[in-house]
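This report refers to the structure that appears directly beneath it.
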Amino acid sequence: MSTDAAIPALETGQLYSFANWPNEDIPRVSVGVYTVWLGEQLVYVGYSGRNLRPHEIKAAKKPKGLVTRLKSHRSGLRNDDQFCLYICDRFIIPELDTETQRKLASGELLLDGLTRKFIREKLSYRFITTEGSEAARRIEGQVRGGILSAGKPLLNPA
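Given below as structure tokens:
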């Protein structure tokens, strides 16, 4: 199957919960595209493995690409993950009540923890692998532009 033929799998393929980790279906080293879902709503699309070359994929000793990106998203840590920032800004902060704000101010709670909880309890993802980063970048752009019947992703539309 060509990479373009795999695009529908980003909408109708196997759906994985961020609660269930590790995911043995994700190749240990890979370039690919993923979509993130809140129920039926397309929330985000991304790709990973930008700097991976075919010979590096075969020779890699440590996990790289899709598996490390999705693991980072699952962590809820906002310091180095734009996806986690988007989730916090759009889903966590608007719902904070006075008591939760007080706990955040006192250090009893952390926004990273609330973000992680939301991601693991409410979000799911689909993914495809690609031949290389050029194909992944192109497909990500198509999904951001609305090629899927779900429309453009809520958090990062083109």
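Numbering (the numbering used here), first residue to last: 28 to 185.
No residue lacks a Cβ here, since even glycine has one placed at the ideal position from N, Cα and C.
Note that the structure is predicted; figures quoted are calculated from it, not measured.
E126 versus S75: straight-line alpha-carbon distance, rounded: 38 Å
Status (buried if at least 16 other CB within 10 Å, exposed otherwise) for T39: exposed
Nonlocal neighbours in the same chain, by C-beta distance under 6 Å from S44, ignoring five residues either side: S151
Burial state of S133 (16 or more Cβ within 10 Å): exposed
Residues sharing a beta bridge with V56, DSSP: K91
Simplified DSSP assignment, three categories, for T157: coil
Beta-carbon proximity check, Y71 vs N183, cutoff 9 Å: yes
Neighbourhood of Y113 by C-beta distance below 8 Å, restricted to the same chain and skipping five residues each side: Y71, L182, N183
Bridge-paired residues (DSSP) for S151: S44, W64
R164 vs R101 beta-carbon contact at 9 Å: no
N- and C-terminal bounds of the alpha helix (DSSP H) containing K130: 125-133
Cut-off 6 Å between Cβ atoms - residues of its own chain near A36, not counting five sequence neighbours on either side: I155
Rounded straight-line distance, which links the Cα of Q68 to that of R153: 13 Å
Separation of S176 from R80, as counted between CA atoms: 32 Å
Cβ neighbours of G103 in the same chain (closer than 6 Å, five flanking residues each side left out): C111, D139, T142, R143, I146
Under 9 Å between C-beta atoms of I119 and V94: no
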